[in-house]
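If you're matching them up, the sequences are chains A and B in order.
Under the working numbering, the letters of the first sequence match residues 1 to 231, in that order.
Under the working numbering, the letters of the second sequence match residues 232 to 462, in that order.
Ideal placement from N, C-alpha and C gives every residue a C-beta, glycine not left out.
There are 2 protein chains.
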Amino acid sequence: MSGALRGLSRVERPATLADRAREELRAAVMAGQFEPGAKLTVRSVARALGVSLTPAREALYGLVSEGALETGANGTTSIPVLTEARVQELLVIRCALEGAAARAAAERITEAGLAELRACDAALQAAHRKGAFKELMALNWQFHFAIYAAADMPLLVRMIEGCWLMTGSYLNVIYPEYGQADHGLANHAAIVAAMEARDGDRLAAAIRTDIEMASRALLAVIAGRAAAEGA
Amino acid sequence: MSGALRGLSRVERPATLADRAREELRAAVMAGQFEPGAKLTVRSVARALGVSLTPAREALYGLVSEGALETGANGTTSIPVLTEARVQELLVIRCALEGAAARAAAERITEAGLAELRACDAALQAAHRKGAFKELMALNWQFHFAIYAAADMPLLVRMIEGCWLMTGSYLNVIYPEYGQADHGLANHAAIVAAMEARDGDRLAAAIRTDIEMASRALLAVIAGRAAAEGA
DNA sequence: CAGCATTCTTCGTTATAACAGATAACACAA
DNA sequence: TTGTGTTATCTGTTATAACGAAGAATGCTG
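Here is the structure:
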């Protein structure tokens, strides 16, 4: 008797204000729209998003629990500042996590996934030639997570996302070091090649060098910042 | 002029209700006091802890953001139920994370850390002989995190804690499989030996087998549960 | 001008009220 | 008995008010 109900599309449940607020905040952090160390007050977030304190607070503290934001001694939340030790630690963690994801992805990636990866790489090279900075960063994200998505491990991808989020606020500052590094793109070619060969070990190694290069750039940036701070 | 102020101990800032609630909840989850899949409503938590909705909500959703709890389609939060795929994924993640932590710990552990580790192992064996189940689980936690603490990598330890939290609700159910496994304790001896030799690779391998054994036990348990569910 | 106290503003925290959607219990008709 | 409509209760969501602590600004005193 449900024949007459065929063809009804499921009505989409509107996301809660708190969820949308968190997503908005996460995107902003990821895009590097906040200076490292910037303070985010509950009320300012609420005002900026046009919601009351409750959802703003939930969004903020959700990101704190994810590790994307930090909460100071008196409860004020702020964009994390990266110390050298922290970057080194993130390097180790990312190598472990993304290496595991890469190995799994090399086994399971489909032909469609490979095509998407190649397309990402092409767009990335185009953006690099154009010198389009923001686009390049976004495409770099897309490129890597196209790999990790192929691993079909949602928890793992979530954790990797958390790691990337922690360095998000430095994406704007990292460009002079990172953009001119042509070997970065050469390495991306190595990643694609290893993936096409479905060689998990080689893929993990290539990704490790990618992470190491990014970490090196980050270290240079924060060293420069520390020097500027001291001056 | 601050000479007269010498010896004053820092007055401890009272933790917020939300923090204490989250800690209470986390401990309960970790101790396996909730059945897998149990629903945790905001109001019931608030009532149980004697606080209002706001801190209870923050505690619940903080643990959700950490991955220790799950939130269903309609917003109800519940203890995560582990599928086989999820356990396999956690196995991979834990091997990557705890392997990295083990390698770092093998390099940096102090003599005091080694002593603590040996004490933990001794207590663990005693608890095993007594058949003290809860004590054994708590000591096992202590043993492993004594290792990871030696790595001096707070972010990494935090992530590992998150992984352990996800399996917390199964600690009560896992005993028949896990408790009688004497080779588990033999493996702990191997861990201590590798740590004493500061052999990172051997330590990582030993920890990997420990994780694999625990995963096997978990898989057996959830397979049994699935069969019971179908019956 | 420096140092200190005071006031005022801002902020985090918590409780509460009100609303909407979901779930369960129940009664009634086929 | 099974299916259905109704009601009552429960639950998540959000806004708001109020309280205390922290910080900034101001003014006063030396």
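Using a C-beta cut-off of 8 Å, the region 288 to 301 of chain B makes contact with the region 388 to 396 of chain B, since at least three inter-stretch Cβ pairs fall below that distance. Contact between M426/B and L434/B holds: CB atoms are separated by about 6 Å, below the 8 Å threshold.
Rounded to whole angstroms, the separation of the alpha carbons of R216/A and S78/A is 24 Å.
The C-beta separation of E320/B from P311/B comes to about 12 Å, leaving the pair out of contact by the 8 Å criterion.
Among the CB atoms of chain B, one or more fall inside 8 Å of the CB of V92/A. Counting only runs that start and end inside the region 92 to 173 of chain A, there is no beta strand (DSSP E) element of at least 3 residues. According to the DSSP secondary-structure assignment, L40/A is paired through a beta bridge with T77/A. By the 16-neighbour rule on beta-carbons within 10 angstroms, T110/A is exposed.
Contacts with chain B at 8 Å (Cβ-Cβ) do not include M213/A. Look at T54/A here: in three-state DSSP terms it is helix.
Excluding residues up to 5 positions away in sequence, A290 and G293 lie with their Cβ nearer than 6 Å to the Cβ of R253/B in the same chain. Under the three-state reduction of DSSP output, E70/A falls in the strand class.
No Cβ of chain A is located within less than 8 Å of the beta carbon of M261/B. When DSSP states are grouped into helix, strand and coil, E243/B belongs to the coil group. Within chain B, no residue has its CB atom less than 9 Å from the CB of E84/A, the nearest being about 13 Å off.
Closer than 8 Å to the CB of L386/B there is at least one CB belonging to chain A. Residue state for D199/A is assigned as coil, using DSSP reduced to three classes.
The Cβ atoms of L124/A and N140/A sit closer than 8 Å to each other. S65/A reaches chain B at G293, S296 and E297, counting residues in chain order whose Cβ is nearer than 7 Å. For E89/A, the nearest beta carbon of chain B is closer than 8 Å to its own beta carbon. Residues of the region 93 to 104 of chain A with a C-beta atom less than 8 Å from some C-beta of chain B are I93, C95, A96, L97, G99, A100 and A104, listed in chain order. Within the region 274 to 294 of chain B, T285, R288, E289, Y292, G293 and L294 place their CB atoms closer than 8 Å to a CB of chain A, listed in sequence order. Sequence-distant Cβ neighbours of H128/A in its own chain, meaning closer than 7 Å and more than five residues away, are L136 and L185. One Cα belongs to T440/B, the other to A228/A, and the distance between them is close to 48 Å. At a cut-off of 8 Å between C-beta atoms, M368/B does not count as an interface residue with respect to chain A. Chain A places a beta carbon closer than 8 Å to that of M390/B, counting this residue as a contact.
A residue is called buried once 16 or more other Cβ atoms fall within 10 Å of its Cβ, and P154/A, having fewer, is exposed. Annotation: G281/B to A259/B spans about 16 Å, alpha carbon to alpha carbon. Take A249/B, set aside five residues on each side of it, and the residues of its chain with a beta-carbon closer than 7 Å to its own are P286, E289 and A290, in chain order. The three-state reading of DSSP puts Q319/B in helix, counting H, G and I together.
T247/B and R108/A have their C-alpha atoms roughly 46 Å apart.
Taken through DSSP and simplified to helix, strand or coil, L449/B comes out as helix. In the three-state reduction of the DSSP assignment, E24/A falls in the helix class, which pools H, G and I. In the three-state reduction of the DSSP assignment, T440/B falls in the helix class, which pools H, G and I.
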